[in-house]
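Below: the structure, in structure tokens.
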Amino acid sequence: MPFVVVSGLSGSGKSTALRTLEDAGFFITDNLPPELWGAMHDLVGARGLRCVAISADARTREFLSALDDSYLRLSRRRDDLRVLFLEANDDVLLKRYNFTRREHPLGENLMFDFARERELLAPLRAIADTVIDTTNLSAKELATKVLRVFRLEHDFHLRLMSFGFKHAPPRDADLVLDVRSLPNPYYDPELRPRTGLDPQVSAYAFHGEASEQFYADLRDFVRVAAERARASGRHGYTVAIGCTGGQHRSVAVASRLAQDLKDLHVDIMDHRDMKEHDPHE
């Protein structure tokens with residue numbers, strides 16, 4: 065992963081870009097003077113952090129004289145150093161400032177501030193690997209573009225977990241599904257001590273055309289929900305599947321979904337309420 069410097073004009077979308085990178089797993093430091101870039105590189109390296117993004121803009125104007133030297137030193141240590149610069153035309157910047165009612169960091173007349181800021185940040189723009197004009201971009205479109213620039217657009221994971229309703233549903237799931245209408249292996253004395261990971265338990269839970277149709281509908285719904293989450297810019301989506309005790313049906317469904325939806329980069333987070341089956345029982 066690259067070491068990214070994010071810069072640009074105030075109101076051009078730097079906060080959106082940083083938030084997008086943070087959601088993608090980057091460690092973010094906002095408004096860091098260039099003289100501290102090397103120290104930050106050493107610090108995150110010592111902590112084993114691979115994905116790092118820092119920002120520098122007009123707020124660090126008192127320190128920008130060290131830009132060239134700081135950039136050169138860091139580029140010698142990181143061949144994956146990238147600089148992203150964001151800009152937009154003055155009319156759009158003015159509309160955005162009027163909408164948010166924020167004060168420009170240079171703090172005078174806005175149109176004059178825009179011109180001064182362009183001049184002040186010209187050295188950063190000159191070393192940028194990528195310049196994005198956000199004039200006609202929404203926040204969502206900018207986020208998508210940032211992900212594409214750093215090849216993060218496929219960094220999405222569908223997280224699955226099973227649970228038992230009698231132990232209460234999880235509070236941190238995006239979607240909770242109830243599979244208690246499937247045949248319950250609990251009522252078979254031979255299957256009762258086993259788990260939904262057992263092929264015989266799974267076969268029992270999915271037995272019959274109605275059960276297979278129920279599962280197919282549930283699988284298709286999970287796919288649609290996850291793909292809509294990914295399209296909206298999310299990097300992860302958590303689906304919790306519940307049965308009565310969390311031992312049989314929910315485990316079987318979560319495991320089957322993991323196989324059928326593996327193109328969505330599925331992680332089985334947890335079979336929360338499943339008890340281990342002792343094969344010697």
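For the sequence shown, my numbering assigns the number 65 to the initial residue and increments by one for each residue that follows. Cβ atoms here follow ideal geometry from the backbone N, Cα and C, with glycine treated the same way. It should be emphasised that the depicted structure is a prediction, and the values quoted were computed from it without experimental measurement.
Anyone know if the C-beta pair for residue i and residue j falls short of 9 angstroms?
| i | j | result |
| --- | --- | --- |
| residue 259 | residue 330 | no |
| residue 135 | residue 145 | yes |
| residue 185 | residue 84 | no |
| residue 338 | residue 261 | yes |
| residue 292 | residue 321 | no |
| residue 198 | residue 77 | yes |
| residue 149 | residue 189 | yes |
| residue 336 | residue 266 | no |
| residue 308 | residue 244 | yes |
| residue 158 | residue 297 | no |
| residue 71 | residue 132 | no |
| residue 67 | residue 117 | yes |
Return the first residue and the last residue of the beta strand (DSSP E) that residue i is part of.
| i | result |
| --- | --- |
| residue 302 | 300-307 |
| residue 119 | 116-119 |
| residue 71 | 67-72 |
In the DSSP output, which residue or residues are listed as bridge partners for residue i?
| i | result |
| --- | --- |
| residue 226 | 305 and 335 |
| residue 221 | 300 |
| residue 242 | 306 |
| residue 398 | The structure shown does not extend to residue 398, since the chain is modelled only from 65 to 345, so the question has no answer here. |
| residue 91 | 116 |
| residue 330 | 222 |
Just mark residue i as buried or exposed, buried being the case when its beta carbon has 16 or more other beta carbons within 10 Å.
| i | result |
| --- | --- |
| residue 75 | buried |
| residue 73 | buried |
| residue 222 | buried |
| residue 344 | For residue 344, the predicted model reports a pLDDT of 40, less than 50, meaning its position is unreliable; a value from the coordinates is still stated below. The residue is exposed, with fewer than 16 neighbouring Cβ atoms inside 10 Å. |
| residue 288 | exposed |
| residue 279 | buried |
| residue 89 | exposed |
| residue 313 | buried |
| residue 342 | With a pLDDT of 45 at residue 342, under the threshold of 50, the modelled position of this residue cannot be trusted; read the value that follows with caution. It counts as exposed. |
| residue 111 | exposed |
Starting from residue i, follow the alpha helix (DSSP H) in both directions and report where the run begins and ends.
| i | result |
| --- | --- |
| residue 348 | Because the chain is modelled from 65 through 345, residue 348 falls outside the range shown and cannot be assessed. |
Problem set entry | Ranges of the beta strand (DSSP E) found wholly within the segment 178-208, counting only runs of at least 3 | For the beta strand (DSSP E) assignment, the uninterrupted runs of no fewer than 3 residues enclosed by the segment 178-208 are, from N- to C-terminal side, 194-197.
For this session: Could you pull out every unbroken alpha helix (DSSP H) segment of at least 4 residues lying fully inside the segment 256-325, listed in chain order?
Result: Here the runs fully enclosed are 263-269, 273-295 and 313-324.
Exercise. In chain order, which alpha helix (DSSP H) runs of at least 4 residues are fully inside the segment 93-150?
Worked result: Counting only runs of 4 or more, we get 101-110 and 131-141.
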